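Inspection log for the structure reproduced underneath, given as structure tokens.
Numbering (our numbering), first residue to last: 558 to 1024.
Next up, the structure:
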């Protein structure tokens, strides 16, 4: 029997066809193992988990079949490479028995390289998941057959290089990946520009701080605590269109609280009621370096949709971490070193003047219920004594500001208007929406500036106080 394989087989004889059949079988075996080594090992555990949970039904089924095989990458690699090496060695032996040495080398370098390497790997690089799922039973048999040899080698590789753990993508990589899947990228993606913009905004939310999204205090509309709710002030409040208005004492940076415009429904401009006798809510305070993601989480709790942004450093004590401190609610805005707390609640202050107005308007039951339920959230205090001069207020941030950073574009309502600062032309809201959708919030701010419907450039209003 051994002499049967030692002699060179004459062409087209029975011996030749037997050797050719065995050589073809080994070539096919080498092609399968070569293609599977590329197709299966190109998937990481993370990739397969994504496909199992979010892929199409057929893809989910195929990914589930090969997940357990790919789990031990080094064992799979050793099994396929050992099987491939044995198959190629067998092909070389049979070629030497069929052809002269120079011809067998030429066949091994050309035909064998094409049929056992190039074509299988090209096929599995495109359809690796389908081919791997179809050949998974065959791979399991190979792993059992070559286990005595492959397992020790795989453990050696684990010891030398460690087990294969694919690192998850960071924020920058995820943003780039999302951008490449956009329709506008021209790579066959299915994500629209707005979808990619929102995803990128969500990824950037932890990197951006309150200072990036706030409105500077010099550009905010606020009211002096000593101003009166006369006809002019009420008209100005209505023209601004804000739902919450900061209230300051003495100077604009000394914010003592906010008033809700909806509470002014009980007021009459004929009374010229001072704002200090209105319901004023204590506004939360955040540091300028607070991440927008943390601020959004606090806004979600419903305590407030507006916060005052404080400048870090200066007279403000900083925590051990170097971040701005948080502030706990109290009579004098006590400073806390715990930077993780939402440091103020919407504390309400009621006055005798407002009580009389509510009685006059037939809403005494509501006031009585509030007065019968004393708690820490309501008290009668002199708001002018709530000085915040130790805190350098640099801006105001609202829930809308955070959402605009998330959406990467302006949120416009019926009261918003744009003014082209170059041509001094007022632009309608519909056109402003089209302009806003074509560029990001920060890019468009260099050409256009948001203004309220009030033509005045001064956003702080102080009414005359009668002696």
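All C-beta atoms, glycine included, are put in the ideal place defined by N, C-alpha and C.
Owing to the predicted nature of the structure, the values given are computational and were not obtained by experimental measurement.
Three-state secondary structure (DSSP) of residue i
i, result
"residue 784", "coil"
"residue 758", "helix"
"residue 507", "The structure shown does not extend to residue 507, since the chain is modelled only from 558 through 1024, so no value can be given for it."
"residue 779", "strand"
"residue 660", "helix"
"residue 726", "coil"
"residue 863", "strand"
"residue 592", "helix"
"residue 753", "helix"
"residue 886", "Here the model assigns residue 886 a pLDDT of 35, short of 50, so the residue's position is not dependable, and the following value carries that caveat. Coil, per DSSP."
"residue 667", "coil"
"residue 585", "helix"
"residue 629", "coil"
"residue 572", "helix"
"residue 695", "helix"
"residue 651", "helix"
"residue 636", "helix"
"residue 600", "coil"
"residue 720", "coil"
"residue 678", "helix"
"residue 858", "coil"
"residue 794", "helix"
"residue 969", "coil"
Rounded straight-line distance, which links the Cα of residue j to that of residue i
i, j, result
"residue 766", "residue 848", "4 Å"
"residue 609", "residue 616", "7 Å"
"residue 535", "residue 643", "Because residue 535 is not part of the residues shown, which for the chain are 558 to 1024, the question remains open."
"residue 687", "residue 777", "60 Å"
"residue 602", "residue 725", "11 Å"
"residue 677", "residue 589", "7 Å"
"residue 754", "residue 727", "17 Å"
"residue 775", "residue 792", "21 Å"
"residue 788", "residue 820", "16 Å"
"residue 801", "residue 752", "30 Å"
"residue 796", "residue 780", "14 Å"
"residue 708", "residue 768", "57 Å"
"residue 841", "residue 738", "40 Å"
"residue 811", "residue 803", "10 Å"
"residue 693", "residue 626", "8 Å"
"residue 650", "residue 661", "9 Å"
"residue 827", "residue 863", "30 Å"
"residue 674", "residue 846", "56 Å"
"residue 703", "residue 604", "27 Å"
"residue 717", "residue 629", "15 Å"
"residue 622", "residue 772", "54 Å"
"residue 957", "residue 606", "36 Å"
"residue 1035", "residue 631", "Nothing about residue 1035 can be reported from this structure: the residues present for the chain run from 558 to 1024 only."
"residue 794", "residue 824", "13 Å"
"residue 620", "residue 695", "16 Å"
"residue 591", "residue 683", "14 Å"
"residue 638", "residue 960", "53 Å"
"residue 888", "residue 837", "The predicted model places residue 888 with a pLDDT of 32, which falls under 50 and marks its position as unreliable, so this point remains unresolved."
"residue 645", "residue 664", "12 Å"
"residue 652", "residue 669", "11 Å"
Option in the options with minimal Cα separation from residue i
i, options, result
"residue 822", "786, 811, 853 and 841", "786"
"residue 593", "640, 574, 717 and 611", "640"
"residue 750", "732, 763, 780 and 762", "732"
"residue 672", "719, 686, 953 and 648", "648"
"residue 860", "866, 951 and 852", "852"
"residue 833", "864, 814, 692 and 699", "814"
"residue 969", "738, 798 and 633", "798"
"residue 782", "792, 793 and 807", "807"
"residue 667", "636, 584 and 611", "584"
"residue 596", "634, 612 and 739", "634"
"residue 954", "844, 965 and 869", "844"
"residue 962", "763, 836 and 950", "763"
"residue 868", "698, 950 and 795", "950"
"residue 511", "572, 573, 964 and 606", "This structure leaves residue 511 out entirely; the chain is present only between 558 and 1024."
"residue 729", "703, 828 and 756", "756"
"residue 760", "773, 746 and 734", "734"
"residue 809", "587, 818, 865 and 837", "865"
"residue 618", "830, 690 and 697", "690"
"residue 598", "577, 581, 636 and 572", "636"
For residue i, the residue or residues it bridges with in DSSP
i, result
"residue 830", "786"
"residue 801", "817"
"residue 773", "952"
"residue 739", "748"
"residue 844", "867"
"residue 766", "848"
C-beta neighbour in chain D for residue i, strict 7 Å
i, result
"residue 759", "Checking the listed chains, one finds no chain D in this structure; it contains a single protein chain."
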